[in-house]
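Under numbering that gives the first Met the number 0, think of the first position of the sequence shown as 0, with each following residue one higher.
Below you'll find the structure, written out as structure tokens, and then a few comments.
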Amino acid sequence: MKRIWKKNDGVSPVIATILMVAITVVLAAVLYVMVSGYMSGGGGGEPYVTFTAATSVNATTWSVESAPSRAEALSSYKLILLANTTTQSTMNPIADGTSGSLKFVDVDTGGKLTTGDKVYITCVPGTTYELNIYWVASGAKVGTVKWTT
0 MKRIWKKNDG
10 VSPVIATILM
20 VAITVVLAAV
30 LYVMVSGYMS
40 GGGGGEPYVT
50 FTAATSVNAT
60 TWSVESAPSR
70 AEALSSYKLI
80 LLANTTTQST
90 MNPIADGTSG
100 SLKFVDVDTG
110 GKLTTGDKVY
120 ITCVPGTTYE
130 LNIYWVASGA
140 KVGTVKWTT
């Protein structure tokens, strides 16, 4: 009966080192790709803006307060006011002041949309209003509020 002898030599140390380095690089790249999805870059993507419910200031004026996810320049946004689904007023870009039925007040006067900034709307009783805010860079709607006077 013939006996089979196996060679007890392993992979050369040079090849083993090259393989370990290659595996480490691949694992590091895979880990980076996985983790980079969880890291937030400085200001990437569209913010979102929530509004408080519209409240009556007087018989013809209503107030809405903003609460954005992050402070961005006013010029990054535009406001569109719909009355009974028809565009009534537009403020593009947002700026301190009045445009049609819209009056924007930058409360902290910092030139950025921040929590507490207010929009005053001149309204007609018995009308349904919708205030939309858009991110100018992409044109995406990033916030909305509806109410009926």
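Don't be surprised by glycine CBs; every beta carbon is placed ideally from N, CA and C.
Determine whether the beta carbon atoms of residue i and residue j lie at a separation below 8 Å.
| i | j | result |
| --- | --- | --- |
| serine 74 | serine 88 | no |
| threonine 54 | cysteine 122 | no |
| threonine 148 | tryptophan 61 | yes |
| tryptophan 146 | glutamate 45 | no |
Can you grab the Cα-Cα spacing for the pair residue i / residue j, in whole Å?
| i | j | result |
| --- | --- | --- |
| serine 35 | alanine 72 | 26 Å |
| leucine 130 | glycine 109 | 23 Å |
| tyrosine 76 | valine 29 | 37 Å |
| proline 92 | alanine 139 | 14 Å |
| phenylalanine 103 | glycine 142 | 16 Å |
| valine 63 | threonine 85 | 19 Å |
| alanine 136 | threonine 127 | 28 Å |
| isoleucine 22 | valine 10 | 16 Å |
| leucine 81 | proline 124 | 14 Å |
| leucine 26 | aspartate 8 | 28 Å |
| asparagine 57 | valine 118 | 14 Å |
| arginine 69 | valine 20 | 42 Å |
When we look at the beta-carbon of residue i and count the other beta-carbons within 10 Å, is it buried (16 or more) or exposed?
| i | result |
| --- | --- |
| leucine 18 | exposed |
| serine 100 | buried |
| serine 65 | buried |
| isoleucine 132 | buried |
| leucine 112 | buried |
| lysine 67 | First, the amino acid is wrong: residue 67 is proline here, not lysine. Under this definition proline 67 is a buried residue. |
| leucine 78 | buried |
| aspartate 116 | buried |
| valine 13 | exposed |
| valine 24 | exposed |
**Contiguous beta strand (DSSP E) assignments of at least 3 residues, all confined to the stretch 58 to 128** = 60 to 67, 76 to 82, 85 to 90, 96 to 98, 101 to 104, 117 to 121
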